[in-house]
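All remarks here apply to the structure that follows.
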Amino acid sequence: MKYGLLAAVVGSFVGLADVQALAQNLELTITAPAGAGGGWDSAARSLQEAMRASGNAKSVQVVNVPGAGGTVGLAQFIGSAKGSPNQLLVAGITLVGASISNKSPVDLTKVTPLARLTGDPLVIVVPKASPIKTIADLQATIKKDVAKTIWVGGSAGGADHILAALVTKASGADPSKVNYVAYSGGGESLAAMLGGQATAGVSGYGEWEGQIKSGDLRALAISYPEPIPGIEAKPLKAQGLDIELVNWRGIFAGPDVQSKDLDALKAAIDKTVKSEQWKTILETRGWSDYYAPGDEFKTFIASETDRVHTVLKSIGLAD
Numbered sequence: 061m062k063y064g065l066l067a068a069v070v071g072s073f074v075g076l077a078d079v080q081a082l083a084q085n086l087e088l089t090i091t092a093p094a095g096a097g098g099g100w101d102s103a104a105r106s107l108q109e110a111m112r113a114s115g116n117a118k119s120v121q122v123v124n125v126p127g128a129g130g131t132v133g134l135a136q137f138i139g140s141a142k143g144s145p146n147q148l149l150v151a152g153i154t155l156v157g158a159s160i161s162n163k164s165p166v167d168l169t170k171v172t173p174l175a176r177l178t179g180d181p182l183v184i185v186v187p188k189a190s191p192i193k194t195i196a197d198l199q200a201t202i203k204k205d206v207a208k209t210i211w212v213g214g215s216a217g218g219a220d221h222i223l224a225a226l227v228t229k230a231s232g233a234d235p236s237k238v239n240y241v242a243y244s245g246g247g248e249s250l251a252a253m254l255g256g257q258a259t260a261g262v263s264g265y266g267e268w269e270g271q272i273k274s275g276d277l278r279a280l281a282i283s284y285p286e287p288i289p290g291i292e293a294k295p296l297k298a299q300g301l302d303i304e305l306v307n308w309r310g311i312f313a314g315p316d317v318q319s320k321d322l323d324a325l326k327a328a329i330d331k332t333v334k335s336e337q338w339k340t341i342l343e344t345r346g347w348s349d350y351y352a353p354g355d356e357f358k359t360f361i362a363s364e365t366d367r368v369h370t371v372l373k374s375i376g377l378a379d
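Sequential numbering from 61 applies to the sequence shown in this note's numbering.
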């Protein structure tokens, strides 16, 4: 019994040492299924920086594969990363929506969740010259004429579109009639806002923080469930709307990765998100820590998929 127990303990330490050694020698490629400069690209390159600096990977490369709200990059990743011990994918809630609205044959159930990483607030803004001063004013505008209330934001079916639909519904209007103009990048939707071509806009707070602080945009509300230090705009929930939406991002491995390799990837990510380097990145970028390990993240994705499908069905973007 004593020998058996000792052997088991020694074996567990050897196994842990093997996993740590594998993690430290990882040569990784992270796919960002979007163009350079966006949220997924920033997350991928931030993870690259933190893993290198903290010594939790030997090398990390980032590749961009844009198209169709991330579904092009996802499909390519599934094909190339099957069983791979060194390929990762960054994705988030927008890819959940894009997979549904595009009726894509692939979605995030086809890859292996490693960890949920960050959760950012979306912000609802209006141009500085707008007569709309509060979220209640915006609701009144929507209720008066939903078709003439023009929203701008990111890709159709993504987090921005979902939030516009939820606010429209909460205002007593038909969410299937939401007048939403999708842009491929934050810069284009910002130009539409500043040019007076939109009633309201939605984006990640960090993307428009500069224009909010300069006064060019007026922030009406954030979608996060609680107030965030440094952000004056109050949550929708604190303003009487039962709405919360977190623009989360996570990291995934390919399908059918062997357990030993998967353990090494999980260990490398786990150690990275607990590192001082990652904490500094979160603070610098204004990202909220929304970490959840693989099993919890998998359950979360299933729940989010059901919720997003319900919203997209209400606006005619899903069956």
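All C-beta atoms in this analysis are idealised placements derived from N, C-alpha and C, irrespective of residue type, glycine included.
Examine the Cβ distances between the region 175-195 and the region 116-130 and report whether three or more of them are shorter than 8 Å.
no
Please report how far the alpha carbon of LYS331 lies from the alpha carbon of ASN116, in whole angstroms.
7 Å
Can you tell me the Cα-Cα spacing of GLY214 and ILE195, whole angstroms?
20 Å
Quick one: is LYS320 buried, meaning 16 or more other Cβ sit within 10 Å of its Cβ, or exposed?
It counts as exposed.
For LEU223 and VAL238, I'd like the C-alpha separation in whole angstroms.
11 Å
Skipping 5 residues on each side, what residues in its chain have a beta carbon closer than 6 Å to that of ILE202?
THR209, THR228, SER231, ALA233
In whole angstroms, what separates the C-alpha of LEU296 from that of VAL171?
33 Å
Quick one: complete alpha helix (DSSP H) runs, 4+ long, within the region 206-271?
219-230, 246-254
In the DSSP output, which residue or residues are listed as bridge partners for PRO173?
PHE312
Taking the C-alpha atoms as reference points, what is the distance between ALA103 and ARG309?
8 Å
Pair every Cβ in the region 371-379 with every Cβ in the region 153-170, then say whether three or more of these pairs are closer than 8 Å.
yes
Alpha carbon to alpha carbon, how far is GLU292 from ALA279?
8 Å
Considering only residues of the same chain and omitting the five flanking positions on each side of SER274, which have a CB-CB separation below 7 Å?
none
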